[in-house]
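Chains as they are written, first to last, in our numbering: chain D, 75 to 596; chain A, 14 to 338. The C-beta atom is built at its ideal place from N, Cα and C for all residues, glycine as well. Keep in mind it's a predicted model, so treat the numbers as computed, not measured.
Here it is, written out as structure tokens:
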């Protein structure tokens, strides 16, 4: 009796080992983070992998709705005070309990990492005081009313005070300080080659199905797709739009997609009398800038065939846009629709504005930043030329482009915007509010659109006593800005992931590849 | 010899200085790294803080002076992107690139010289013609395309070799290498051939030309007349004579392969320093770009020196002291 049992045990053990082996997941990603320190650089590739090891008080679901994370609930005690009630069943990867002191420590660290190329002060500097009520209750105070604390807290990961105190960015890179509360434990980082995670079996949420996840940076998109087809990796992000039809036909591979919250738009030089790339039809400089006229901007918008761009240039991977974020997002205005393609109306408006004979213009765009960016710029130029605005195209690498765009060297520019906090007041403040250094508003307003009425609505919204009032004012401001077309939305991208059969991904509107959202198919 | 070395060294320092100035000003002229690094959502105060913390608020000549002062002490500055010493970041990734480059050069020598000799000995045979035709392809097809085709054929369709990455590594004298593991070797093969393809063709052509030229020389006729076997004539006398130009070219190409393996490294996701360079140019990470190109220049200087010394070994008529460095 003993012997067969022994054999059975061996067989069972082998079978178990086999399944353990199978539960490793290898994924290929477009960009590698430049640090493991979750507060070093506020940048998507860093943020999305940090979310595997560290949690936030508030998490964002697939479409950036705010859902409980380390905080199981919250309430606004007063216009300037928010209370977060923390989960009591959470432990750090080393077994020590998670408490409010960790949150307090994090809020002090996040905005103050030395030499950060872009810090999280963005989200933490509104907080003027922290009050710890007990181990699992914390109150965050602001100077004056602030309605967006929950949204802001969905941008900062919480690190352990015990391991983070005195820890440098280097300590996180080496793994020494990489102790989080998240679904995965950090195992190793070999820069340029791989990052390895192991699952946290004590995770407070649902424990990941994979024992080990290996993340490989493969920046070349054809190579990334090839690695998936060859079976080197099980899952990739950002496959090239041209490869997607082939991938869809392949029976070993499946696709997961969702409309993105990234808006591709045109920024228009609408404040100066003389714009650098606006000229008359002979190419002579003009004293008058037609782009200052809202009717001309509307004409440009009507002359653009968004459906055609989505269908042809983007091969179906875009949704025409009429406002700053998709209308499914909280505090947007559902009744604002994308402008239809109407060439006659566009010409009429140009006539009405006194530009019936047309003028000439150059559209600038990056050629290595957004999906098919250079092709979109070319398509738009052709469409505007048909409406009577003789448009030339110039595209350049992003490292040259963005500097020039921020230095106001362009007249009409193609840009993209994704709101990290997932709410529409963010693009209103950054892209459309009057440029104001003191208030920190209009930072990325590269067209210098300025409308005091809208500014006022946005300012009032940001100090509204409740999130509901903020939403109402934000909607009003959106209506004003889109009525003027301070910027011209073109489309929202569609985010795509490709994976081998047997794997599923909850596609995300924020473009993040979250390894905890990669699950075995049912 | 000593005079030669001293002259070489002083020239090298000058070249390094000019190079650093050119790259420094060049990267500065492209744009401001903060425009790319900063989160688009950051406000003006944050942008100013970053510009200041990276030292980019100072005039360019002052930034260059600070760089020089530190460089003399062996510190080439911290990367803007990684906040780690640029030199360390490059050196960390160097073993992977060196391994790939040496593998490519070895493949090109091991395949190139015998094939070139065959083509040179029997120039009219069908197999020689075939070797030459294939070598034209090696010259003319873009590395990028060949790399992707190799991945499609050998990784995706046949499935013999992995598509990308470096595979398992083991430490050899503290340096991680992949050619000592089976998995690592499999990962190495495709990128090394891809990188070496152009060099194989180059070596074939050089060897063939050398063979053709030398076979007509008097010393070969004399050797045959003396009754030496043809294998002795070819492998000892002719080979030795054709090696000088091959050593020069392979030496210089080695430098090229190490410094600019960028294309192969990005297609095969090889974690080497070429990829670091291209990413750093994209992000205007000036300390890395400057450090990288300084290392490259230094490497070429050293390779040239070694080639010159090798000359004197291969050809006793060459005297280093008389060379105009």
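| Query | Result |
| --- | --- |
| Residue burial classification, residue 65 of chain A (beta-carbon count within 10 angstroms, cutoff 16) | exposed |
| Any chain A beta carbon closer than 8 Å to residue 95 of chain D | In this prediction, residue 95 of chain D has a pLDDT of 43, which is less than 50 and means its spatial position is unreliable; nothing more can be read from the coordinates. |
| Proximity of residue 129 of chain A and residue 277 of chain A at Cβ, strictly below 8 Å | no |
| C-beta neighbour in chain D for residue 75 of chain A, strict 8 Å | no |
| Contiguous beta strand (DSSP E) assignments of at least 3 residues, all confined to the segment 88 to 145 of chain D | 98 to 103, 132 to 134 and 140 to 142 |
| Members of the segment 245 to 273 of chain D that neighbour chain A once the beta carbon cut-off is set at 9 Å | 247, 264, 265, 266, 267 and 268 |
| Residue 23 of chain A at chain D interface by Cβ criterion, 8 Å | no |
| Separation of residue 325 of chain A from residue 452 of chain D, as counted between CA atoms | 59 Å |
| Selection from A/300, A/329, A/323 and A/292 that minimises the alpha carbon distance to residue 471 of chain D | A/292 |
| Contacting residues, own chain, Cβ-Cβ under 6 Å from residue 286 of chain D (five flanking each side not counted) | 98 and 272 |
| Residue from D/596, D/238, D/578 and D/124 with nearest C-alpha to residue 329 of chain D | D/578 |
| Length at least 4, wholly inside the segment 428 to 488 of chain D: the alpha helix (DSSP H) runs in chain order | 447 to 460 and 472 to 480 |
| 8 Å Cβ shell around residue 122 of chain D - same chain, five flanking residues per side excluded | 586, 587 and 588 |
| Contact list for the segment 269 to 298 of chain D against chain C, Cβ threshold 9 Å | Structure shown: chain C not included; protein chains present are D and A. |
| Element boundaries [beta strand (DSSP E), containing residue 569 of chain D] | 561 to 574 |
| Nearest to residue 474 of chain D (by Cα), restricted to the options A/308, A/250, A/317 and A/295 | A/295 |
| Contained beta strand (DSSP E) runs [length at least 3] in the segment 131 to 199 of chain A, N- to C-terminal order | 183 to 185 and 188 to 190 |
| Contacts that residue 476 of chain D makes with chain A (C-beta to C-beta distance below 8 Å) | 44, 48 and 49 |
| Proximal residues, the segment 303 to 317 of chain D versus chain A, C-beta separation under 9 Å | 303, 304, 305, 306 and 307 |
| Below-8 Å beta-carbon distance, residue 162 of chain A vs any chain D residue | no |
| Cutoff 7 Å; reference residue 535 of chain D; Cβ partners in own chain excluding five residues on either side | 499, 544, 547, 548 and 551 |
| CB contact check: residue 373 of chain D to chain A, cutoff 8 Å | no |
| Cutoff 8 Å: residue 494 of chain D Cβ touching any chain A Cβ | yes |
| Residue 337 of chain D, DSSP secondary structure in three states | strand |
| Segment limits, alpha helix (DSSP H) that includes residue 300 of chain A | 299 to 327 |
| Cutoff 8 Å: residue 436 of chain D Cβ touching any chain A Cβ | no |
| Same chain, Cβ closer than 7 Å to residue 32 of chain A, neighbours up to 5 away in sequence not counted | 306, 307 and 310 |
| Beta-carbon gap between residue 211 of chain D and residue 160 of chain D smaller than 8 Å | yes |
| Residues near residue 320 of chain A in its chain [Cβ-Cβ closer than 7 Å; skip 5 each side] | 260, 261 and 264 |
| C-beta atoms of residue 441 of chain D and residue 387 of chain D nearer than 8 Å | no |
| Cβ neighbour criterion (16 or more within 10 Å) applied to residue 92 of chain A | buried |
| Where residue 88 of chain A sits in the DSSP three-state scheme | coil |
| Closest Cα partner of residue 369 of chain D within the set D/361, D/102 and D/419 | D/419 |
| Residue span of the alpha helix (DSSP H) that contains residue 41 of chain A, given as start and end | 15 to 43 |
| Interface flag, residue 63 of chain A vs chain D, CB-CB below 8 Å | yes |
| DSSP bridge partner residues for residue 515 of chain D (one or two, in chain order) | D/510 |
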